[in-house]
Structures are given as C-alpha cells and as structure tokens.
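Each remark here refers to the structure printed beneath this line.
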Amino acid sequence: MITIIINKNLNKGSQSNERDDGRAFDELRPFKIEAGVLERADGSAYLEIGGNKVMVAVYGPRELHVRRLMQPNRAVLRCRYNMAPFSVDDRKRPGPDRRSVEISKITSEALMPAVFLEKFPRSTIDVFIEILEAEGGTRCAGITAASVALADAGIPMRDLVVSCAAGKANGEVILDLSEAEDKDGEADVPVAIMPRTGEITLLQSDGHLTSEEFEKSLNLAIEGCKKLSEAQKEAIIKRYGD
Amino acid sequence: MIFIEDKQMVIPGDILADDEYHSGRGTFKEDSKICSSLVGLVAVRDKKISVIPLQSKYIPKRGDVVIGEITDIRFSMWNLDINSPYSGILPASDVFGKEKRELNKTFNVGDVLFLRVVDVDEVKKVKLGLKGRGLGKFRNGILIYITPTKVPRLIGKKGSMINMIKDETKCEVVVGQNGVVWVKGDPSMERVAEKVINMIEEQAHTSGLTDRVRNMLYELLGKEKPDIEQKEETDEEEENGEDLIQ
C-alpha cells in the first residue's frame, strides 16, 4: 500500500527561500475570523492570525456626552487599542502608552474613510480593540477585526477595511511579518485598504527599504489584504448562518 | 445589469447593480454602480434596490410612536432614553398646557412612557408628545429590546404575529417603532412572551417564521399542536407595521 503524505507546509510561493516558520515569502500565517462573539456589544469580532489573538467590541452610534468632541455634521469614531498585560512574554504594564496611543489614532483614521459618519451627526461610534495575545502585526489584526465588528454592529460602510503588513527580513521582501521577523528584520510596512476600490487608508513604514523594495512590499501587502478580505466576508455571512 | 438576487444576504461594499437601477435605503452609488452599505437582505422593488439591515439603531422620525424611559427631569421638560443615539425631550407644556405644576409629581425618573415623535430638527433634537390615543405612562410589565428593523416582522402581516402572541399568552403587548416592546400580564406569561419575542428577533431573516412561533408558543404553554399546518406564510420583511398602536 502506498501512502501519500502531503506536507501542507511545503513552499507554496514561487521562490525557494524559506522563512524560519516554513512559510513562503508571500504566505500569510494561518488565520481565523469570527463575528458576533460578544453578547452585550452592538457588534464584535474575534480574530486570530498566527500567534495573535484580538477581540474587538463596537458600541454605537450612541449619544456623545463629551461636548467638546461633538461634531455637528457627523459622528466621531473613537478607537481604543489596548494590550492585555499577559499578551506578551514579559508582563506589559497596563494602561495606555506612547505606542498604543499612536495605534489607537491610526486605527480610527484607517477606518474613518469607510464609515458613513455623516449619517449620525452629534453621536459617537466607539471601537475597543483588545490584544489578548501578541505575536507581531497586531495593529493590522486590530483594523481587520474592527471593520468586521463595525459591519456586525450594523453601521453603514462603503467597504470593509482590511489590513496586512509586508516588510523585509534576512534580505528578502516578505508578507505578514511574525514577531521574530519584525524584531530582527530590516523593515515593516503596515497597509490598510478598501478592497473594492483599492484605496489605501493606512500606510506606515518603519526601517530601511530601497524604493523598489518599498513598492514590492506595498504590492505584496495589498495581495495579502485581498486574501484576508475573503475571510472577513465569510465571517459576517457565517454569523447569520446561511 | 443586476448582480444579486432578491432576498440575498449582502455585506458592506458588495456591488449590487449598475445605474439602470435606483439606489434605495442601505445602498449608495459609486462610479455608476450601486453598492450595499450594510449587512442585510436585498429587496428589489421594480427598479429600486434597497438593503434591509439585520442590525441597526433607531433613528427618530416625525410621527413614529416610541417607548421611552425617563432619565432626567429638568426645569420645564423631561429627558427620555428612546433606545437611540439621540435622546428625546418631553416639554412640560405638552403635558400640563399653560398650567404650572411640579414635574416630578407627574412623571419621575425611571417611568416608562408611550409617546409620539412630534418633531426632529436638523441637529437631531427629538421632541416628543403625549397627545394621541393610547399614549401615556405604563404601569408594571416588562420591557424587551429588539432591533428596530425587526419591528415589522414582530408585528407581522396586519398584526398577525403580534396578535397571536397576545391571544396565546393573554398579555398586553405594545411595540414601539424604536424596538422597545412592553409586555404586561401574568408573570409566567410575560416570560413566555419574552422568549418568543427574542426568538423572533434572532430568526427574523428566515422564512416560515409564523409557523415556528406558533409551535414554540404551544410548546411553552404545554398545549397540543394543531394537526394541520395552516396556509404557508409568504415571508416578507416590510410593508407592514404601520398600525402599531395595540
């Protein structure tokens, strides 16, 4: 009898250089998205990608009590990105820090172009992103999960925002950097897009890249986003069991 | 060209049709394509495409009847929570006329009222009123919150669904267009009604719901199921729910 063993970790990409975790240069980590996981939130989502575990809750549109933030012609979109103390190897001191304040801001700016904020003047939409476990690429995971949670909350949107990073490690341009690749690598380029139109709502770049390498990472990240976008759609449809 | 079928489930950003169709509720136009802006079911009527959301917040509209809870008493008005991003106000003059009386002697914080939306202005200030048949304060009973878009489904064709619940549980049931349902009756019957209403909310997007609700009611009340299933329900989501008052 002949047994055929299929190794799923075999190189799926077109290039031969393998990464530390056995992925091809254009391969995402295994991921899973679920919508509607929290009972009391208006909308919620849970996302796992590689070693990342992210939970997002959305509340609103609801009454905004902070008068100075109120916009007479549109809603405000408030995001809070928070890492649990146990999300990393060394305990993280709880509370906002420089990094999480930045990520909260860029998350809300990445989501804002997709949401019809003008439909809910003088109100607020609150997005809470909790990182339960972190392993590189949490800001992208947070944005991807947040847009699923917004859709689950019934908030009108132009498109689902999806986010993914690309970068350079060991001299190679690669997709979806893991924590090790991010730390020891040369560069990290997180990107968020609205897949239908291809508009970019977030673009950051950290590290050293030549302009060719940058362009290559950007295109690679966009390809990764498109793959994730399919999983987002499935997650929402699955929520209503059709 | 149309890319979807009637009653198909769509998500934000899905392309529904091109511009020979009209863009209705829950959709928007971009580059001469009509796209969905919500998670919901498509409704195609003639040449108009809309998306009926599966989840939404109540946006006040003039003429709606709503159920609200008093959250605050001010000098000459009450503030009410109407299960919406915008709170409502009930002016004292609407209740007392020209007379001056103490507000907290009439309605207090926590009271539940059945009101009509008198006016919504451009900054979404919601004025409420108590003038009309059946409007006023509720005593006792329980409140159940459902998604406002599912209110027509709960009421059913010409009130068929809601009347069935009323008849079987012997409860008084009042549905506000803001998705708040008030139920009063025997405490055990209130619980039955609550279970059934929550079930309707969960399964509002499926067809053949009336029969399942009937079966569930009979099961919860320990009654015999009727032998012959009644005529098949043609499932629909809209057009009903206009006659909301009892």
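From first to last, the protein sequence lines are chains A and B.
Numbered by the working numbering, the letters in the first sequence go through residues 1 to 242 in order.
Numbered by the working numbering, the letters in the second sequence go through residues 1001 to 1246 in order.
All residues carry an ideal CB built from backbone N, CA and C; glycine is no exception.
Since the model is a prediction, treat every value here as computed from it, not as a measurement.
Among the residues of chain B, those whose CB is under 9 Å from the CB of residue 158 (chain A) are 1012, 1013, 1028, 1030, 1035 and 1037, following chain order.
Residue 62 (chain A) reaches chain B at 1085, counting residues in chain order whose Cβ is nearer than 7 Å. Distances from the CA of residue 1220 (chain B) to each of B:1208, B:1189 and B:1204 were compared; the closest alpha carbon is that of B:1189. With 16 or more neighbouring CB atoms inside 10 Å of its own CB, residue 1114 (chain B) falls in the buried class.
For residue 139 (chain A), the uninterrupted alpha helix (DSSP H) run begins and ends at 138-152, by DSSP. Against chain A, the CB of residue 1055 (chain B) has a partner CB under 8 Å away; the residue lies at that interface.
Closer than 7 Å at the C-beta level to chain B, one finds these residues of the region 210-235 of chain A: 233. From the beta-carbon of residue 67 (chain A), no residue of chain B is found nearer than 7 Å; the closest lies around 13 Å away. For residue 1193 (chain B), the enclosing alpha helix (DSSP H) has its first and last residue at 1187-1202. Judged by pairs of C-beta atoms under 8 Å, the region 131-148 of chain A touches the region 38-55 of chain A, as three or more such pairs exist. At least one CB atom of chain B sits nearer than 8 Å to the CB of residue 116 (chain A).
Closest option to residue 1086 (chain B), judged by alpha-carbon separation, among A:230, A:206, A:121 and A:71: A:121.
Pairwise C-beta distances place the region 168-184 of chain A out of contact with the region 193-205 of chain A, as fewer than three of them are shorter than 8 Å.
In the three-state scheme derived from DSSP, where H, G and I count as helix and E and B as strand, residue 196 (chain A) is classed as coil.
For residue 1041 (chain B), the enclosing beta strand (DSSP E) covers residues 1040-1045. In this structure residue 37 (chain A) does not touch residue 77 (chain A) by the C-beta definition: roughly 21 Å separates them, more than the 8 Å allowed. Scanning chain B for C-beta atoms nearer than 8 Å to the C-beta of residue 196 (chain A) yields 1013, 1015 and 1035, reported in chain order.
Chain order gives the chain A residues near residue 1124 (chain B) as 120, 121, 122 and 123, where near means a beta carbon separation below 9 Å. DSSP, reduced to helix, strand and coil, places residue 57 (chain A) within a strand of the structure shown. The residues 1184, in chain order, have a CB closer than 7 Å to that of residue 1140 (chain B) in the same chain once the five nearest residues on each side in sequence are set aside. For residue 152 (chain A), a Cβ of chain B is located within less than 8 Å of the residue's own Cβ. DSSP places residue 111 (chain A) outside any beta strand (DSSP E); the residue lies instead in the alpha helix (DSSP H), whose first and last residues are 98-111. For residue 72 (chain A), the nearest CB of chain B lies under 8 Å from its own CB, placing it at the interface with that chain. DSSP, reduced to helix, strand and coil, places residue 1214 (chain B) within a helical segment of the structure shown. Boundaries of the beta strand (DSSP E) harbouring residue 1066 (chain B): 1065-1073, taken from the DSSP string.
Contact check for residue 1112 (chain B) against residue 1143 (chain B) passes: the beta carbons are separated by less than 8 Å. With fewer than 16 other Cβ atoms from the protein chains shown falling within 10 Å of its own Cβ, residue 94 (chain A) counts as exposed. Distance from the CA atom of residue 1030 (chain B) to the CA atom of residue 1023 (chain B), rounded to whole angstroms, is 10 Å. Taken through DSSP and simplified to helix, strand or coil, residue 1172 (chain B) comes out as strand.
By the CB criterion at 8 Å, residue 111 (chain A) and residue 55 (chain A) fall outside the cutoff. Straight through space, the alpha carbons of residue 1125 (chain B) and residue 124 (chain A) are spaced by roughly 16 Å. Just measuring C-alpha positions, the residue of B:1089, B:1037, B:1070 and B:1176 sitting nearest residue 1104 (chain B) is B:1070. For residue 1090 (chain B), the uninterrupted beta strand (DSSP E) run begins and ends at 1088-1091, by DSSP.
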